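J.: Residue numbers for the sequence shown, in the UniProt record's numbering: 1 to 270.
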Amino acid sequence: MRPSVSVMRRYLMCRPTHFAVTYRINPWMDPTAPYDNALAVSQWETLRQTYLDLGHTVDLIDPLPGLPDMVFAANGATVVDGRVLAVQFRDAERADEAPAYAAWFREHGFDVTVPKHTNEGEGDILLAGDIMLAGTGFRTSHASHAETQEVLQRPVITLQLVDPAYYHLDTALCVLDDTNVAYFPPAFSPGSQAVLRQLYPHAIIANAEDAAVLGLNAVSDGRTVVLPVQATHLTAELKAAGYQTIGVDVSELRKAGGGPKCCTLEVRSS
Ligand SMILES: CN(C)C(=N)NCCC[C@H](N)C(=O)O
Numbered sequence: 001m002r003p004s005v006s007v008m009r010r011y012l013m014c015r016p017t018h019f020a021v022t023y024r025i026n027p028w029m030d031p032t033a034p035y036d037n038a039l040a041v042s043q044w045e046t047l048r049q050t051y052l053d054l055g056h057t058v059d060l061i062d063p064l065p066g067l068p069d070m071v072f073a074a075n076g077a078t079v080v081d082g083r084v085l086a087v088q089f090r091d092a093e094r095a096d097e098a099p100a101y102a103a104w105f106r107e108h109g110f111d112v113t114v115p116k117h118t119n120e121g122e123g124d125i126l127l128a129g130d131i132m133l134a135g136t137g138f139r140t141s142h143a144s145h146a147e148t149q150e151v152l153q154r155p156v157i158t159l160q161l162v163d164p165a166y167y168h169l170d171t172a173l174c175v176l177d178d179t180n181v182a183y184f185p186p187a188f189s190p191g192s193q194a195v196l197r198q199l200y201p202h203a204i205i206a207n208a209e210d211a212a213v214l215g216l217n218a219v220s221d222g223r224t225v226v227l228p229v230q231a232t233h234l235t236a237e238l239k240a241a242g243y244q245t246i247g248v249d250v251s252e253l254r255k256a257g258g259g260p261k262c263c264t265l266e267v268r269s270s
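#1: Which residues mark the beginning and the end of the beta strand (DSSP E) in which LEU12 is found?
#2: Would you report the Cα separation of VAL181 and LEU64, rounded to the nearest angstrom?
#3: What residue ranges within the stretch 188-262 form continuous alpha helix (DSSP H) runs of no fewer than 4 residues, ordered along the chain?
#4: Taking Cβ to Cβ, would you say VAL226 is nearer than 8 Å to LEU12?
#5: Can you pull the DSSP bridge partners for GLU266?
#6: May I ask you to check if the CB of GLY137 is nearer than 7 Å to at least one heavy atom of ligand 1?
#7: 8 Å is my cut-off, CB to CB: does ILE25 come that close to chain C?
#8: Is it true that the CB of TYR101 sits closer than 8 Å to the CB of VAL87?
#9: Alpha carbon to alpha carbon, what distance is there between ALA92 and SER220?
#10: Could you check if ALA240 is buried or exposed, using at least 16 other CB atoms within 10 Å of its CB as the buried criterion?
#11: What first and last residue would you give for the alpha helix (DSSP H) that runs through TYR51?
#12: Kindly list the residues whose CB is nearer than 8 Å to the CB of LEU39, restricted to its own chain and excluding five residues on each side of it in sequence; keep chain order.
#13: In its own chain, which residues sit with a C-beta less than 8 Å from the C-beta of MET29, not counting the 5 before and 5 after it?
#14: Would you be able to state if there are at least three C-beta pairs under 8 Å between the stretch 233-248 and the stretch 149-164?
#15: Taking GLY222 as the reference, give the member of ARG15, ALA74, LEU47 and CYS174 with the closest Cα.
#16: Beta carbon of VAL248, beta carbon of THR46: below 8 Å?
#17: Excluding five sequence neighbours on each side, which residues of the same chain lie with their C-beta closer than 6 Å to the C-beta of MET1?
#18: Let me make sure I understand the geometry here. Which of VAL71, PHE89 and LEU159 has the alpha-carbon closest to that of LEU265?
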């Protein structure tokens with residue numbers, strides 16, 4: 001059994017009051033297809049309750065009308081040791097989320113750095129023990145990786161994403177604890193796959209079925225992994241490696257290209 005390294009986490013979430021799929025900025029989004037806002041809200045409420053039941057703290061930011069993707073709080077910032085790197089979105093449709101999230105952090109006593117380069121927060125920048133894994137290729141710019149290292153003061157490893165379906169790093173890789181990850185190799189360039197093999201020889205490898213239900217868009221506290229219930233192969237692999245798992249259904253939010261992790265920004269105080 002895996003030793004417990006879990007600590008209580010502080011998460012920031014945004015209720016999907018204004019969730020909708022009205023534009024297409026990733027291949028999962030089809031503005032002509034139906035979506036159910038009430039179902040999205042109830043799936044999100046279950047996710048929030050799951051964190052509360054695990055003993056974690058969940059802060060809420062007020063959802064703003066006209067920003068249907070604001071539910072994806074992981075894109076709102078990257079927070080390490082109480083330092084906040086705010087975001088700059090690639091797409092105009094999400095631009096107004098950036099100042100809203102930055103304002104929340106300022107109002108809660110954090111020092112916020114406004115970025116010079118495009119970065120979509122924890123969608124592409126993940127703390128993994130002492131280092132940061134940073135994706136690029138679709139959203140977060142390569143230039144922002146140096147800025148991230150400077151502001152958050154951790155070494156940054158660049159990972160090249162190559163499949164538009166896995167447009168954010170956290171759609172293709174989940175940090176499980178300080179020393180291990182789960183990932184879907186075909187989402188990365190050959191060079192980045194080699195780096196991941198070198199850094200994580202015992203990584204859990206997701207298959208195409210796991211990836212296709214955004215199974216890697218999961219939240220781990222080091223002991224329990226909250227992931228899409230549809231990711232059955234990945235769930236079995238995690239259990240075999242000694243992790244506890246909790247399956248959640250956020251299928252309505254997947255219509256916008258998001259899963260549990262997308263809804264969850266970790267607030268790491270100093
Ligand atoms: C984990 N994170 C934050 C994500 N992968 N975010 C989902 C963003 C979805 C949105 N429609 C978009 O395309 O930006």
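Cβ atoms here follow ideal geometry from the backbone N, Cα and C, with glycine treated the same way. For clarity, every value in this text was computed on a predicted model and none was experimentally measured.
T.: Working from what's here:
#1: 10-13
#2: 34 Å
#3: 190-199, 208-212, 232-240 and 251-254
#4: no
#5: TYR11
#6: no
#7: Here there is only one protein chain, and chain C is not present.
#8: yes
#9: 31 Å
#10: exposed
#11: 37-53
#12: GLU252
#13: VAL21, TYR23, LYS255, ALA256 and GLY257
#14: no
#15: CYS174
#16: yes
#17: With a pLDDT of only 44 at MET1, under 50, the local geometry of the prediction cannot be trusted, and the value read off the model is given with reservation. Counting only Cβ-Cβ distances below 6 Å, and skipping sequence neighbours, we find GLY242.
#18: VAL71
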